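Q: In our numbering, the protein residues as written are 209 to 527.
Even for Gly, the Cβ is constructed at its ideal location relative to N, Cα and C.
The model shown is predicted, which means the values in this text are computed figures rather than measured ones.
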Amino acid sequence: MADLPDSPPQFSSRKAKILEQLQLPDTDYTDASPKGSVDEGIKELIAEINAYDGFVTTSSCAGRVSVFLEGVKADSGPSSDPDEEPESRVPNQVASSGGKGGGGKWLFVSHDPLDRSEGSSDATSSGNHWRDQFALPAVDGAAMESMCSISAGSCRPRLIHFKFEPMILHILTASLAHAQLAIKCGLQGGFRESGALNLVPGSSSHAVTPMVAIRSMGLGFESMIGIEQVDGQRYCTVAPEYIAALVTLANEHFAENQRRIQRFREALKESMQGQVKLNKDGMAWEDAAARRERKRAEGLRRREQLRQSQRPATEDPDT
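Listed below in structure tokens is the structure:
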């Protein structure tokens, strides 16, 4: 059972606005996540968190497997991250081509395990199936020559990556106590890199409302699987059996990710059961209806005590 302070007014106001946005249909709603909407796999979790006083989710990703083309690398800077570019709203589809920064873009995104039945139990056939889904033909001689000069000059080919990322969840909290509780539950669930920002108030007139990130970087992995030449032609540079192995590994990580989500969910639910909120004086907080009921019961009890005290004493009859 968690003893948590009441939410400050500025938090309650912001939470109300966020919840209002969540009521919109997916076509109209956008949050701070790359996809811009809540994934089906964690909608129930999001609803549970937002039902607790002192917590509200601001962005989320249930976990995903993606194939992405890195941006054009500047001589002195890293490649652009496709997280800057919104995902396609439809899972397992080629994403929109408009990129930011150096032009990095999503080629394929799925928030669900990749269906092995769509390919074949044979690793080669399965790998070829997914290579076709990623629109990456097998490498030819010219592309292989480009790979050999990958580190030379400004016209080097751009790399294509296969990546799995576990759930990440950002939760705005009403106080340090709320943030500590969310982080504790995240760690219990296996999201070992969970943490918080905004632990110091921006001004003396504002309460601290930390932003918590529930995440586990250790569950993710990434591998290069192809290149895009300077003429825009893309190729797969690994064997189909390797693609099949990556798909199998991603599905295994999806399963572990789901187990961790469930552990986090259960830890938070257990911590919030019988929640006792405290007011500014550190006393147990109660809403107006509960206070009215308590006052009514106290009044009835005092009235009965008064009636009993005013009743004349009676003697027991002789026996």
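1) Using a beta-carbon distance below 7 Å, is Met-432 in contact with chain C?
2) Identify, in the order they occur along the chain, each residue of the same chain with its Cβ nearer than 6 Å to the Cβ of Asn-406, setting aside the five sequence neighbours on each side.
3) Pop quiz: Arg-366 and Glu-278 are said to be a contact at Cβ under 8 Å. What is the actual Cβ separation, rounded to whole angstroms?
4) Would you say His-378 and Thr-456 are within 7 Å of each other, going by their C-beta atoms?
5) Go ahead and pull the three-state DSSP assignment for Gly-403.
6) Which complete beta strand (DSSP E) runs does the region 434-467 hold, if anything under 3 residues is left out?
7) Helix, strand or coil for His-378, going by three-state DSSP, please let me know.
8) For Cys-269, write down the residues that DSSP places opposite it in a beta bridge.
9) Please work out which residues of its chain come closer than 7 Å, Cβ to Cβ, to Ala-458, disregarding the five sequence neighbours upstream and downstream, and give them in chain order.
10) Using beta-carbon positions only, say whether Gly-397 and Ala-475 come within less than 7 Å of one another.
11) Determine the closest residue to Phe-342 out of Asp-330, Arg-515, Phe-472, Ser-318, with distance taken between C-alpha atoms.
12) How is the alpha helix (DSSP H) around Ile-254 delimited, first residue to last?
13) Have a look at Gln-481 and Val-416 and give me their C-alpha separation to the nearest angstrom.
14) Taking Phe-399 and Arg-468 to be in contact with their CB atoms under 8 Å, please state how far apart those CB atoms are, rounded to whole angstroms.
15) Answer yes or no: do Val-246 and Ile-257 have a C-beta to C-beta separation smaller than 7 Å?
16) If I follow the unbroken alpha helix (DSSP H) through Ser-318, where does it start and stop?
17) So, is Ser-221 buried or exposed, given that buried needs 16 or more other C-beta atoms within 10 angstroms?
18) Classify Ala-492 as buried or exposed, calling it buried when 16 or more other Cβ atoms lie within 10 Å of its own Cβ.
19) Relative to the C-alpha of Arg-442, which candidate in Asp-330, His-369, Arg-511, Gly-335 has its C-alpha closest?
20) Could you pull out every residue in the same chain whose Cβ sits closer than 7 Å to the Cβ of Thr-381, ignoring the five residues on either side in sequence?
21) According to DSSP, is His-414 part of a helix, a strand, or is it coil?
22) With a CB to CB cut of under 6 Å and the five nearest residues on each side skipped, what residues in its chain are close to Val-446?
A: Considering the structure as presented:
1) This model lacks chain C altogether; it includes just one protein chain.
2) Same-chain partners within the cutoff: Pro-418, Met-419.
3) Taking C-beta atoms under 8 Å as the contact rule, Arg-366 and Glu-278 qualify, at a distance of about 6 Å.
4) Cβ distance not < 7 Å, so His-378 and Thr-456 don't count as in contact.
5) Three-state result, Gly-403: strand.
6) Within the region 434-467, the complete beta strand (DSSP E) runs of at least 3 residues are 442-444.
7) In the three-state DSSP reduction, His-378 falls in the strand class (E or B).
8) Looking at the DSSP assignment, Cys-269 forms a beta bridge with Ile-376.
9) So the list reads Val-273, Leu-322, Phe-372, once near-sequence residues are dropped.
10) Yes, the pair counts as a contact, with Cβ atoms nearer than the cut-off.
11) Per the C-alpha coordinates, the member of Asp-330, Arg-515, Phe-472, Ser-318 positioned closest to Phe-342 is Ser-318.
12) For Ile-254, the uninterrupted alpha helix (DSSP H) segment begins and ends at 251-259.
13) Taking the straight line joining both Cα atoms gives about 24 Å.
14) Between the beta-carbon of Phe-399 and that of Arg-468 there is about 6 Å, and that keeps the pair under the 8 Å contact cut.
15) No. Outside cutoff.
16) For Ser-318, no alpha helix (DSSP H) encloses it; the enclosing beta strand (DSSP E) starts and ends at 313-318.
17) Exposed.
18) In this predicted model, Ala-492 has a pLDDT of only 49, less than 50, meaning its place in the structure is not dependable; the value taken from the coordinates is given anyway. Counting other Cβ atoms within 10 Å of its Cβ, Ala-492 stays below 16 and is therefore classed as exposed.
19) Nearest C-alpha to Arg-442: His-369.
20) In chain order, Gly-262, Phe-263, Ala-387, Ala-390, Thr-417, Pro-418, Val-420 place their CB closer than 7 Å to the CB of Thr-381, counting only its own chain and leaving out the 5 sequence neighbours on each side.
21) In the three-state scheme derived from DSSP, where H, G and I count as helix and E and B as strand, His-414 is classed as coil.
22) Here the set comprises Ile-433.
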